[in-house]
Amino acid sequence: MRKHSHNKIIKITRAQIESIERQYWTRYNNDSLESMLYYKQNNITNR
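Residues in the sequence shown are numbered from 541 upward in steps of one, following our numbering.
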């Protein structure tokens, strides 16, 4: 029983870590895309 519950906990934490990583990467990608667009817009307006 104890071993079984331990495995369940490991599965849950792994899923949580994966979801957190996904959230982090999506946020990071969005930020980089936004900054790139912002940079391009500034260059166009400065010219």
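Glycine included, every Cβ here is placed at the ideal spot set by N, Cα and C.
task = State the Cα-Cα distance for the pair S545 and R554, rounded to the nearest angstrom.
result = Their Cα atoms are separated by approximately 14 Å.
request  = Would you tell me roughly how many angstroms separate the C-alpha atoms of I552 and W565, rounded to the nearest one?
outcome  = Going from the Cα of I552 to the Cα of W565 covers about 20 Å.
inquiry  = Output needed for S575: all residues of its chain with C-beta closer than 6 Å, excluding positions within five of it in sequence on either side, in chain order.
reply    = Counting only Cβ-Cβ distances below 6 Å, and skipping sequence neighbours, we find nothing.
ask   = Which value, in whole angstroms, describes the spacing of the CA atoms of Y579 and S572?
value = When rounded, the distance between both Cα atoms is 10 Å.
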